[in-house]
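**Q** All residue numbers for the sequence shown refer to UniProt numbering, where the first residue is 1 and numbers rise by one. The C-beta atom is built at its ideal place from N, Cα and C for all residues, glycine as well. Quick caveat, the model's predicted, so the values are computed rather than measured. The structure under discussion is supplied below as C-alpha cells; questions concerning it will follow.
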Amino acid sequence: MTQSRWITSRRAFGLGLLVGMMVGLGAAQLIMRREPDLVLRVEPLASPTAVVVYVTGAVARPGLYTVGSEARVAEVVEQAGPLPEADLSRVQMAARLQDGQMVVVPVRASPDLGHARGDAAGSSTEPTVSAEQLIDINRATVEDLQRLPGVGPILAQRIVSYRETHGPFQSPEQLAEVPGISPRMVDEWAGLITVGTTE
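Pasting the structure below:
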C-alpha cells in the first residue's frame, strides 16, 4: 500500500467515526429532550350558586323562586307569604332546597270537619250534611266559601276569581286547579260542597 492510499484510508475512517459520534450524540439529545408525560387534571364541578324552586299550597304568592344553593325551605315559604290557614308544622322548614324542587304548604285541618261529616262511631242513618247546607261552588260568595275547612278570605277569592275567568265548575275535582288547593283538600270537602248549574 502506498503512502497516499494509507492516508486516504485513515481520513475515511476518521470521517466515519466522526459521523457515527454525531449521530449517537444527536440520538441521545433527542431522548433527553423527550416531552414529559401529559398529566390531565380534572377539576371538580362547581356547585350551582342558585337554585329554582316552586312554592304552592296555602301561600299568598305561589310561583317560582330563585334562592342561593344553601337556602332552606323556610326562606322560600316566608317569601311566598304563608296564609293564616297554612299548617307549617307539616313542612320541613329546615330542609335544604334542591334545584327543581316543589314546596307544598298544606292547609291546617279544621276541627269542625269531623262534626260536619258526622261521627264515624255514631249512627250511620243520619246524613252528615243536609242538602240545604251544601255549598254550591258555582254560586257561593267569598263569605260562603270560608265555611269550608282551611279556606280563608284569600283562598276563597281565588275560587271566585277562577270561576269568573274559566266559567262554572264542572265537578268538585276541578277545584284542584285553583292555586293553593290540592286534591287532598278537595277530598276533605267531600260531602260539604256541590256543583250546581248557574242557569
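Considering Cα atoms alone, identify which of Gly152, Pro153, Leu175, Ile154 is closest to Ala163.
**A** The sequence given here has Arg at residue 163, not Ala. Cα-wise, what sits closest to Arg163 is Leu175.
**Q** Below 9 Å between beta carbons: does that hold for Arg108 and Ala86?
**A** Yes. Within cutoff.
**Q** For Ala74, collect the residues of the same chain with a Cβ closer than 6 Å to its Cβ; drop the 5 residues on either side in sequence, then sort them by chain order.
**A** Excluding sequence neighbours, Ala74 sits near Met93.
**Q** Could you tell me the distance, in whole angstroms, from the CA atom of Gly81 to the CA atom of Tyr65?
**A** Answer to the nearest angstrom: the Cα atoms are 12 Å apart.
**Q** Rounded to a whole number of angstroms, what is the C-alpha to C-alpha distance between Val195 and Ala50?
**A** For Val195 and Ala50, the distance between alpha carbons rounds to 44 Å.
**Q** Cutting at 7 Å between CB atoms, please list the residues of its own chain near Ser171, excluding the five before and the five after it.
**A** Answer for Ser171: Val195, listed in chain order.
**Q** Which whole-angstrom value is the C-beta distance of Pro149 and Glu188, which I expect to be below 8 Å?
**A** Indeed, because the Cβ distance is near 6 Å, the residues count as touching under 8 Å.
**Q** Does the distance from the CB of Val103 to the CB of Leu97 come in under 9 Å?
**A** Going by C-beta atoms, Val103 is nearer than 9 Å to Leu97.
**Q** Starting from Val104, trace the beta strand (DSSP E) both ways and give me its first and last residue.
**A** Per DSSP, Val104 belongs to the beta strand (DSSP E) from 102-105.
**Q** What span of residues does the alpha helix (DSSP H) with Ala74 cover, start to end?
**A** From DSSP, the alpha helix (DSSP H) with Ala74 extends over 73-80.
**Q** Within 10 angstroms of the Cβ of Val52, are there 16 or more other Cβ atoms? Answer buried if so, exposed if not.
**A** Per the 10 Å Cβ criterion, exposed.
**Q** Per DSSP, what are the beta-bridge partners of Thr165 in this structure?
**A** Paired residue(s): none; Thr165 is not in a bridge.
**Q** Check this for me: beta carbons of Pro183 and Arg158, under 9 Å apart or not?
**A** Their beta carbons are not under 9 Å apart, which means Pro183 does not touch Arg158 by this criterion.
**Q** Roughly how many angstroms lie between the CA atoms of residue 232 and Leu155, to the nearest whole one?
**A** For residue 232 there is no data in the structure shown, the boundaries of the chain being 1 and 199.
**Q** Starting from the C-beta of Gln146, find all residues in its chain whose C-beta is less than 6 Å away, skip the five residues before and the five after it, and write them out in chain order.
**A** Answer for Gln146: Ala156, listed in chain order.
**Q** How many Å lie between Asn138 and Glu70 at the Cα?
**A** Asn138 and Glu70: Cα-Cα distance of roughly 44 Å.
**Q** Tell me which same chain residues have a C-beta within less than 6 Å of the C-beta of Ile181, skipping the five on either side of it?
**A** Correct list, in chain order: Leu175.
**Q** Go ahead and label Met22 buried or exposed: buried means 16 or more other beta carbons lie within 10 angstroms of its beta carbon, across all protein chains shown.
**A** The residue in question, Met22, is exposed, as its Cβ has fewer than 16 Cβ neighbours within 10 Å.
**Q** Just to confirm the assignment, what range does the beta strand (DSSP E) spanning Leu134 have?
**A** Leu134 -> no beta strand (DSSP E), and no H or E assigned at all.
**Q** Excluding the 5 residues preceding and the 5 following Gly186 in the sequence, name in chain order all residues of the same chain whose CB lies nearer than 8 Å to its CB.
**A** One point to set straight first is that residue 186 is Val, not Gly, in the sequence displayed. Result list for Val186: Pro172, Glu173, Leu175, Ala176, in chain order.
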